[in-house]
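Each remark here refers to the structure printed beneath this line.
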């Protein structure tokens, strides 16, 4: 059995959808700047590293 913290592909897809909705919502308000993108991408990268370690 895999470890308890593994997510199903359905959960991952839903997370991705929510993330994209969040970004599109910010973008529609013209609140996305380079620094916001950099922060979001850095946070996502850290999550991936945590998952893979």
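Numbering (the working numbering), first residue to last: 341 to 393. Here a beta-carbon is modelled for each residue, glycine too, at the ideal position from N, C-alpha and C. No experiment lies behind these values; they were computed from the predicted model shown.
Can you tell me where the alpha helix (DSSP H) with residue 378 in it begins and where it stops?
Here residue 378 refers to the residue found at position 38 when the chain shown is read from its first residue. First-last of the alpha helix (DSSP H) with residue 378: 374–392.
Which of the three DSSP states is assigned to residue 357 in this structure?
Numbered from its first residue, the chain shown carries residue 357 at position 17. Residue 357: helix per DSSP, three-state reduction.
Which value, in whole angstroms, describes the spacing of the CA atoms of residue 370 and residue 393?
As a first step, residue 370 is located in the chain shown; it is residue number 30 there, counting from the start. As a first step, residue 393 is located in the chain shown; it is residue number 53 there, counting from the start. Answer to the nearest angstrom: the Cα atoms are 36 angstroms apart.
Does DSSP put residue 337 in a helix, a strand or coil?
No answer is possible for residue 337: the residues shown for the chain start at 341 and end at 393.
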